[in-house]
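Student: Below: one structure in structure tokens.
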Amino acid sequence: MSKNEVRTSNTGFELPSLAPRLVMYVQTFTTADNQPLSLLPLLKHDTKVTHVILAAIHLLTEPGNITLNDDSFDASRYDTVWEELQTLQDNGIKVMALLGGAAAGSYARLNGTDAEFTAYYTPLLTILKEYNFDGLDIDIEEHVPISVPLRLLNALYRDMGPSFILTMAPLASALSDEDDFNLSGFSYFALEKLALAPNGNTSLVSWYNAMFYGGFARNTEFYRSCVDAGWEASRVVLGVLDCPDDGQANGFLNFTTLESTIGGLRALYGEFGGVAGWEYHDAGRTDGWREPWEWVKRIGDALFVEPDHHL
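If you read the sequence shown in full-length UniProt numbering, its first letter stands for residue 1, the second for the next number, and so on.
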């Protein structure tokens, strides 16, 4: 399948390969009452989700010691997860993994000699292939030199090919101004100029799941500042908290506010990058929905459904 083709879900909804995207992060695999969390309602209720990202892969001190959160990938608690993810993929939803995140260390371990890099990278590559991931979200929340993401992006493009999705997850402020606050320690503007496919004119980074937490997503203003700084709207995804328990309480915005912002961005840019929600298990809980898929479906409607001006 080429990058520009559309996929069709089991309910007949065409899932765009490009923008806009509806991305859901999944880190907690249990419900509020400690029951296993099923991802299949994302399909059953036609939420229009396009990408599911599992968080988070950690590269531990010993090369080859890799965990998904606190457990190995072959832990029995994930058996049903892998089965359900395959079902999502069979229905056109892309399944990715997140590397890094708030727990520092993974990227520092990739910042070594070529031999040291290979010792940590090769087992990671094996995991990505063995578990059939469609892409990797590179979330660097520790200060590293620009050579770290550049070497990783080039290696993954070489070994996984151009159809493997490579995304990054910076703070939105890192895209609005080259000198603004940044958790990663390098300039994303500089990386964008360097991280190019061998043809020299295609970015290795498919898009950015930027963290527009709190006031950054209250209206379209901050998103517009990123576009004004030179980023294509189709490559900037509006990353938001879907429950105040999933980050700093002041980083959360209710659905009504998000819906207004999404509508404004659609009016400004048409197929803008889309929306990413962190994280699935309690999405929409404080907006009054009992099940997380309900929040995802409402976001999907805001993103993809044309308003009925006759009402």
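Glycine included, each C-beta is placed from N, C-alpha and C at the ideal position.
Computed from a prediction, not measured in an experiment: that's the story for all the values here.
Closest by CA to Ile262, which one among Gly247, Asp90 and Ile299?
Tutor: When only C-alpha atoms are compared, the closest one is Ile299.
Student: Between Ala210 and the rest of its own chain, which residues show a CB-CB distance below 8 Å, the 5 nearest in sequence each way excluded?
Tutor: Result list for Ala210: Ala169, Pro170, Leu171, Ala172, Ala174, Leu175, Cys226, Val236, Val237, Leu238 and Gly239, in chain order.
Student: Measure the C-alpha to C-alpha separation of Ile66 and Leu124 and round it to an integer number of angstroms.
Tutor: C-alpha separation (whole angstroms): 7 Å.
Student: Give the DSSP-derived three-state secondary structure of His310 in the structure shown.
Tutor: In this prediction, His310 scores a pLDDT of 44, lower than 50, which makes its location untrustworthy; the coordinate-derived value is nonetheless stated afterwards. Of the three classes helix, strand and coil, the one that applies to His310 here is coil, per DSSP.
Student: Considering only the beta carbon of each residue, do Gly77 and Phe29 sit closer than 8 Å?
Tutor: The question names Gly, but residue 77 in the sequence shown is Arg. Their beta carbons are under 8 Å apart, which means Arg77 touches Phe29 by this criterion.
Student: As an exercise, report each continuous beta strand (DSSP E) stretch of at least 3 residues that is fully enclosed by the segment 239-294, in chain order.
Tutor: Whole beta strand (DSSP E) segments, 3+ residues: 274-278.
Student: Rounding to the nearest angstrom, what Cα-Cα distance links Gly251 and Thr220 in this structure?
Tutor: In a straight line, the C-alpha of Gly251 is about 16 Å away from that of Thr220.
Student: In this structure, how does DSSP classify residue 330 when only helix, strand and coil are distinguished?
Tutor: Past the edges of the chain, shown from 1 to 311, lies residue 330, and the structure says nothing about it.
Student: Please determine if the segment 46-66 and the segment 97-111 are in contact, where contact requires at least 3 C-beta pairs separated by less than 8 Å.
Tutor: These segments touch.
Student: Let's see if you can read the secondary structure: which residues bound the alpha helix (DSSP H) around Ala229?
Tutor: No alpha helix (DSSP H) contains Ala229, which DSSP labels as neither H nor E.
Student: If you draw a straight line from the alpha carbon of Trp207 to that of Ala276, how long is it in whole angstroms?
Tutor: Taking the straight line joining both Cα atoms gives about 12 Å.
Student: Check whether the Cβ atoms of Ala55 and Gln27 sit closer than 8 Å, and answer yes or no.
Tutor: In contact: Ala55 and Gln27 (Cβ atoms closer than 8 Å).
Student: Please classify Ser184 as buried or exposed, where buried requires at least 16 neighbouring CB atoms within 10 angstroms.
Tutor: Buried, since its Cβ has 16 or more Cβ neighbours within 10 Å.
Student: For Asp139, which residues of its own chain have a beta-carbon under 6 Å away from its beta-carbon, when the five flanking residues on both sides are left out?
Tutor: If we look at Asp139 and ignore the five residues flanking it on each side, its Cβ neighbours are Leu98, Gly100, Gly101 and Ala169.
Student: Would you kindly work out how many angstroms separate the C-alpha atoms of Ser163 and Gly247, rounded to a whole number?
Tutor: Cα to Cα, the separation comes out at about 32 Å.
Student: Residues bridged to Asn209 by DSSP?
Tutor: For Asn209, which the question treats as bridged, DSSP gives the partners Val237.
Student: Let me know if Pro145 comes out buried or exposed under the rule of 16 or more other beta-carbons within 10 Å of its beta-carbon.
Tutor: Burial call: exposed.
Student: Can you say whether Arg290 is buried or exposed, counting buried as having 16 or more other CB atoms within 10 angstroms of its CB?
Tutor: Under this definition Arg290 is an exposed residue.
Student: Consult DSSP for Ile127 and reduce its assignment to one of helix, strand or coil.
Tutor: Three-state result, Ile127: helix.
Student: Can you check the segment 64-114 for any beta strand (DSSP E) of at least 3 residues that lies completely inside it and give the ranges in chain order?
Tutor: Runs found: 66-68 and 94-101.
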